[in-house]
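Novice: Line by line, the protein sequences are chains A and B.
So in the working numbering, spot 109 of the first sequence is number 93, and the numbers just go up one at a time.
So in the working numbering, spot 122 of the second sequence is number 957, and the numbers just go up one at a time.
Cβ coordinates follow ideal geometry from the N, Cα and C atoms, glycine included.
Please find one structure pasted underneath; my questions will follow.
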Amino acid sequence: MNRRRGPAFWCLAAFFGLFVLFLYGPTLTILVLSFQGPSGGLTFPMNGVSLHWFGNLFEKQMVGDFAGSLRRSMILGVAAMLVTVVASFMAGLAFRTRFRGSTIVFYLAIASLIVPSILISLGIGLLFRVLGWEAAWYSSAFGAHLTWTLPFGLLIMFAVFNRFDRRYEEAARDLGATSWQTIRHVVIPILLPSLIGVGLFGFTLSYDEFSRSLYTSGTFNTLPLEIYGMTTNVTTPVLYALGTVTTGVSFLVIGIALVSVIVLRRRRARHGSDAGKAA
Amino acid sequence: MSRVSAWVTYLQVAPLTLVFLLFLVVPIATIVVVSFFDYNTTQIIPAFLLQNYEELLTSPVTWRTYLQTIEFAAITWLLTLLIGFTVAYFLAFHVRSATWQTVLFLVCTIPFWTSNVIRMISWIPFLGRNGLANMTLLQLGLIDQPLEFLLFSDFAVVLAYVHLYTLFMVVPIFNSMMRIDRSLLEAARDAGASGWQTLWNVIVPLCKPGIAIGSIFVVTIVMGDFVTVRLMSGGQTASVGLMMMNAMSLLQYPAAAANAVILLLLVLFTVAAMMRIVDIRKEL
C-alpha cells in the first residue's frame, strides 16, 4: 500500500461506488415511485406527487389484509428477537466449555443454516399435517423462523465470546459475586452492544422471512407472504407504497439498533464500563 | 467440570437444541418418511414405496430442472465471488481509516436487513418494457425497440440473485482479509512480487476459508430458491423449489417430499465438498 493513491485505488473505488448504486438504486426508485399521483403507473414518468397509494394501503378491500399481516409480522419479529437473544446468549455461555454433544449441537446449527428454507417449511408443514395439528403463524411459523435466526445468533455469540476477556469474570468472582451476579452485572453489561446486534438479526430475519413461512403460517399471512401474494395480482403503485413502508420499518429497526450501540459506546468512553455499577 | 456445572451447561444449551430438534430434525425426518408414502387425489397413505423416487428420477423434466438449478447456482456463484471479492478487497486493503472501513462495510450490509421480496420487486421500474433501462437506451439511440429480455427472463433471475446474495460473499471474505497479517504483504513486495502476484499467491490463498463460507451460503440458497425464479422469470423458468411447490399445490405431498430428499442430498454433498477446504469451527 503506497502512501499515494494510485490508479488501482480509483478503479476499485469506482467499482465499489457502482456496487453501492446497484444495491440501493432499485430500492430508491420504488421509494420515489410510491409517491406517484393517483393516475400514475408502475414506471416513470411521475404523474404528480401524492400520498394516494399509502392511503390505499390501509383500505382493507384493496390489498387484502395489510394492517393485520404487518401486526402479525411485528409480533413474530419481536418474539423471535427475544428468544434468539436469550437462547443464543445461553448457548454461547455453554459453548465456552467443551461438553459432551457440543459438536452435535454445533453441526445442528450449521445444518439449520444450509438446509434450504423450503425444505424446513415443507417439513414443518408436513409434520403438522401428519399430526393433524393446525399450522399457525404463532406456532409452526414461529419455530420455522427460529431455525433461521438462532444459528446466526449462535455464530455471533461464538465470535463475541472468543473476544471476551474472562478475567473480568474471574475478578467478579474473586470479589465474591455469585455466578448469576457475575452474568447479570459483568458479562451482560459488557456484551450489551453485541446482544443488541443479535436482537437486530433476530427481528429482521424473522420480519422478512418468506420461504420458511410459506407452508407454516396457516390461515393468516405474515407480511412477506402478503407482499408476495400482491405481486401476482396488484398492478398499481400501491405495491411500491407497501415496499416503502416495509423498508421503512426495517431501516427504523436498524437505526434504533445502531443508535443504541453508539450511545452505549459513548457512555462507556465517558464513564468506563458500567460493569458492576448496576448493583 | 464438576457435576453441577455440567448440568448448568446442558440447561444453557437446552432451548437452542430443543428448537433444532423440534423444527429441524423432526421435520426433515418427516420428509424422509413421507417420501415413501403412497397418495391419491385427496390424502396421503402410509406405506413403503419407492415409486415416488422412481417417477421422479425417470422423468426428463426432473433432470432438466435440476440442471437448470445447478446452472443458476454456478453462474451466480461465479458472479458473486468476483464482485464480492473485489468489494471486500477494496474495503480491506484500500480503505485506510478504520472508521471509513466500518461505515462502508455497514453501507454494504444494510440491504441484508431489508425484505428480499421488496428488493426483487424494486427491479420492475428498472427493467420493465417501459422501464428506466429501456427508456435510457432508446433515448441514447442505442436500440430502436424496447429490449424484452430484461425483465421476466433468466437474465433477470441471475441479476436478482447477484443483487440479493453478493453480500454473503463480501462479509466472510472481508473477514478473512482483515485477519491477514499485513507484514506478509510487505514481505511479498520486498521479495519482488508484483501487485498481481501478491494478490494471487498471498491474498487469495489466505482468503480461501472466507471464499468457502461465502460459496456455501450462495450455492445452498440458490439451489433451494423458488421465490426469485418465480418472480423474476415471470413463471417461464423452472427450479427444483418451484417443482416442489407445484407438487404441494396439487396435494402430492409424497412426490414433493421425495424431491426434497434428493435436493437435500445434492445440497449436503456440495457443502461437504466445500467443507474440505475450510474448518468452520476454526473460523469463528
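Can you give the Cα-Cα distance for R113 of chain A and L209 of chain A, rounded to whole angstroms?
Specialist: Residue numbering aside, residue 113 of chain A sits at position 129 when the first sequence is read from its first letter. Residue numbering aside, residue 209 of chain A sits at position 225 when the first sequence is read from its first letter. If I take the Cα positions, the gap works out to 20 Å.
Novice: Report yes if the CB atom of L982 of chain B is closer than 8 Å to the CB atom of N965 of chain B, and no otherwise.
Specialist: Position 147 of the second sequence, counted from the start, is the residue given in the question as residue 982 of chain B. Position 130 of the second sequence, counted from the start, is the residue given in the question as residue 965 of chain B. Their beta carbons are not under 8 Å apart, which means L982 of chain B does not touch N965 of chain B by this criterion.
Novice: Buried or exposed: A909 of chain B, going by 16 or more other Cβ atoms within 10 Å of its Cβ?
Specialist: Counted from its first residue, the second sequence places residue 909 of chain B at position 74. By the neighbour-count rule (16 or more Cβ atoms within 10 Å), A909 of chain B is not buried but exposed.
Novice: Which stretch, first to last residue, makes up the alpha helix (DSSP H) that contains M1078 of chain B?
Specialist: Counting from 1 along the second sequence, the entry for residue 1078 of chain B is found at position 243. Where M1078 of chain B is concerned, the enclosing alpha helix (DSSP H) stretches over V1075 to S1084.
Novice: Who are the neighbours of G976 of chain B on chain E, taking C-beta pairs under 7 Å?
Specialist: Protein chains in the displayed structure are A and B, and chain E is not among them.
Novice: In whole angstroms, what separates the C-alpha of V868 of chain B from that of F42 of chain A?
Specialist: What you label residue 868 of chain B is simply residue 33 of the second sequence in a count that begins at 1. What you label residue 42 of chain A is simply residue 58 of the first sequence in a count that begins at 1. Roughly 44 Å between the two C-alpha positions.
Novice: Is DSSP giving A262 of chain A helix, strand or coil here?
Specialist: Here residue 262 of chain A refers to the residue found at position 278 of the first sequence. Its pLDDT being 48, under 50, A262 of chain A is placed unreliably in this model, and the value from its coordinates should be taken loosely. When DSSP states are grouped into helix, strand and coil, A262 of chain A belongs to the coil group.
Novice: Comparing alpha-carbon positions, which option in B:I1038, B:V1106 and B:D1060 lies nearest Y1000 of chain B?
Specialist: Indexing the second sequence from 1 puts residue 1000 of chain B at position 165. It is B:D1060 whose Cα lies nearest to the Cα of Y1000 of chain B.
Novice: So D149 of chain A contacts chain B; which residues on that side make the cut at Cβ distance below 8 Å?
Specialist: Position 165 of the first sequence, counted from the start, is the residue given in the question as residue 149 of chain A. Simply none; closest approach about 17 Å.
Novice: To which residues of the same chain is M1078 of chain B closer than 7 Å at the C-beta, ignoring the five residues directly before and after it?
Specialist: Along the second sequence, one-based indexing puts residue 1078 of chain B at 243. Leaving aside the five residues that flank M1078 of chain B on each side, the residues in its chain whose CB is nearer than 7 Å to its CB run, in chain order, T900 and N1094.
Novice: Between L248 of chain A and chain B, is the shortest Cβ-Cβ distance under 8 Å, so that the two count as touching?
Specialist: Residue numbering aside, residue 248 of chain A sits at position 264 when the first sequence is read from its first letter. No - not a single Cβ of chain B is within 8 Å of the one on L248 of chain A.
Novice: Do Y845 of chain B and F83 of chain A come within 8 Å of each other at the CB atom, strictly closer than that value?
Specialist: In the first sequence, the residue the question calls residue 83 of chain A occupies position 99. In the second sequence, the residue the question calls residue 845 of chain B occupies position 10. Yes; because the gap between Cβ atoms is below 8 Å, this pair is in contact.
Novice: When DSSP builds the beta bridges, which residues end up paired with G202 of chain A?
Specialist: Stepping through the first sequence from its first residue, residue 202 of chain A is reached at position 218. In the DSSP assignment, the residues bridged to G202 of chain A are A:A120.
Novice: Can you name, in chain order, every residue of its own chain whose Cβ lies under 6 Å from the Cβ of C943 of chain B, other than the five neighbours on each side?
Specialist: Position 108 of the second sequence, counted from the start, is the residue given in the question as residue 943 of chain B. So the list reads V1005, once near-sequence residues are dropped.
Novice: Quick one, which residues of the stretch 126 to 152 of chain A are near chain B if we go by CB-CB under 8 Å, in chain order?
Specialist: Listed by position along the chain: G127, A128, L130, T131, L134, L138, L139, F142, A143 and N146.
Novice: Hey, how far is the Cα of G1070 of chain B from the Cα of L962 of chain B?
Specialist: By 1-based counting over the second sequence, the position of residue 1070 of chain B is 235. By 1-based counting over the second sequence, the position of residue 962 of chain B is 127. When rounded, the distance between both Cα atoms is 16 Å.
Novice: Between which residues of its own chain and V229 of chain A is the CB-CB distance below 6 Å, once the five residues before and five after are set aside?
Specialist: Walking along the first sequence from the start, residue 229 of chain A turns up at place 245. Cβ neighbours of V229 of chain A within its own chain (closer than 6 Å, five residues either side excluded): none.
Novice: Comparing alpha-carbon positions, which option in A:P(-9), A:A64 and A:N40 lies nearest G183 of chain A?
Specialist: Walking along the first sequence from the start, residue 183 of chain A turns up at place 199. From the listed residues A:P(-9), A:A64 and A:N40, the smallest Cα separation to G183 of chain A is found for A:A64.
Novice: Does V869 of chain B come within less than 8 Å of chain A when only Cβ atoms are used?
Specialist: The residue labelled residue 869 of chain B in the question sits at position 34 within the second sequence. It does; some Cβ of chain A falls within 8 Å.
Novice: To the nearest angstrom, report how far apart V1064 of chain B and F3 of chain A are at their CA atoms.
Specialist: The residue labelled residue 1064 of chain B in the question sits at position 229 within the second sequence. The residue labelled residue 3 of chain A in the question sits at position 19 within the first sequence. Looking at the two C-alpha atoms, the distance is approximately 22 Å.
Novice: Name the chain A residues that come within less than 7 Å of V1113 of chain B, Cβ to Cβ?
Specialist: Here residue 1113 of chain B refers to the residue found at position 278 when the second sequence is read from its first residue. Within chain A, no residue comes near V1113 of chain B; the closest Cβ sits about 12 Å away, beyond 7 Å.
Novice: Cutting at 7 Å between CB atoms, please list the residues of its own chain near P22 of chain A, excluding the five before and the five after it.
Specialist: Numbered from its first residue, the first sequence carries residue 22 of chain A at position 38. Same-chain partners within the cutoff: S34 and H36.
Novice: Taking I240 of chain A as part of the alpha helix (DSSP H), name the residues at either end of that continuous run.
Specialist: As a working note, residue 240 of chain A is residue 256 in the first sequence. I240 of chain A -> alpha helix (DSSP H) spans V222 to H255.
Novice: Using a Cβ cut-off of 8 Å (strictly closer), state whether L916 of chain B contacts chain A.
Specialist: Taking the first residue of the second sequence as position 1, residue 916 of chain B is located at position 81. False, the Cβ-Cβ gap to chain A never drops below 8 Å.
Novice: In the DSSP output, what is I879 of chain B paired with across the bridge?
Specialist: Numbered from its first residue, the second sequence carries residue 879 of chain B at position 44. Paired residue(s): B:Y874.
Novice: Could you spell out where the alpha helix (DSSP H) holding C(-5) of chain A opens and where it closes?
Specialist: Locating residue -5 of chain A in the first sequence gives position 11, where the first residue counts as 1. From DSSP, the alpha helix (DSSP H) with C(-5) of chain A extends over P(-9) to L17.
Novice: Note down, in chain order, every chain B residue with its Cβ under 9 Å from the Cβ of V99 of chain A.
Specialist: Within the first sequence, residue 99 of chain A is the residue found at index 115, counting from 1. L859, I863, T1055, G1059, L1099, V1102 and L1103, listed in chain order.
Novice: Please tell me whether L175 of chain A has its Cβ less than 8 Å away from any Cβ of chain B.
Specialist: Position 191 of the first sequence, counted from the first residue, corresponds to residue 175 of chain A. Chain B places no beta carbon closer than 8 Å to that of L175 of chain A, leaving this residue out of the contacts.
Novice: In the structure shown, what three-state DSSP assignment does V218 of chain A receive?
Specialist: For the purposes of this step, residue 218 of chain A is taken as residue 234 along the first sequence, with counting starting at 1. DSSP places V218 of chain A in coil when its eight states are reduced to three.
Novice: Alpha carbon to alpha carbon, how far is P177 of chain A from Y888 of chain B?
Specialist: In the first sequence, the residue the question calls residue 177 of chain A occupies position 193. In the second sequence, the residue the question calls residue 888 of chain B occupies position 53. When rounded, the distance between both Cα atoms is 50 Å.
Novice: By Cβ distance, which residues of its chain are closer than 8 Å to T1087 of chain B, with the 5 residues on each side in sequence left out?
Specialist: The count along the second sequence starts at 1 and reaches residue 1087 of chain B at position 252. First, the residue type needs correcting, since residue 1087 of chain B is Gln and not Thr in the sequence shown. Cβ within range, chain order: Y874.
Novice: Taking buried to mean at least 16 other C-beta atoms within 10 Å of its own C-beta, is P100 of chain A buried or exposed?
Specialist: Locating residue 100 of chain A in the first sequence gives position 116, counting from the first residue. Counting Cβ neighbours within 10 Å, P100 of chain A comes out buried, since at least 16 surround it.
Novice: Near V952 of chain B, which residues of its chain fall below 6 Å by C-beta distance, leaving aside the five closest residues on each side in sequence?
Specialist: Residue numbering aside, residue 952 of chain B sits at position 117 when the second sequence is read from its first letter. Closer than 6 Å at the Cβ level, and outside the excluded window around V952 of chain B, lies no residue.
Novice: Using the Cα positions of W898 of chain B and A1082 of chain B, report the straight-line distance between them to the nearest angstrom.
Specialist: As a first step, residue 898 of chain B must be located in the second sequence, where it is residue number 63. As a first step, residue 1082 of chain B must be located in the second sequence, where it is residue number 247. Straight-line Cα distance between these residues: approximately 16 Å.
Novice: Within 8 Å (strictly less), CB to CB, does A1091 of chain B reach chain A?
Specialist: Within the second sequence, the letter at position 256 stands for residue 1091 of chain B. Cβ-Cβ to chain A under 8 Å: yes for A1091 of chain B.
Novice: Going by DSSP in three states, V1113 of chain B sits in which element: helix, strand or coil?
Specialist: Numbered from 1 along the second sequence, position 278 holds the residue referred to as residue 1113 of chain B. V1113 of chain B falls in the coil class under three-state DSSP.
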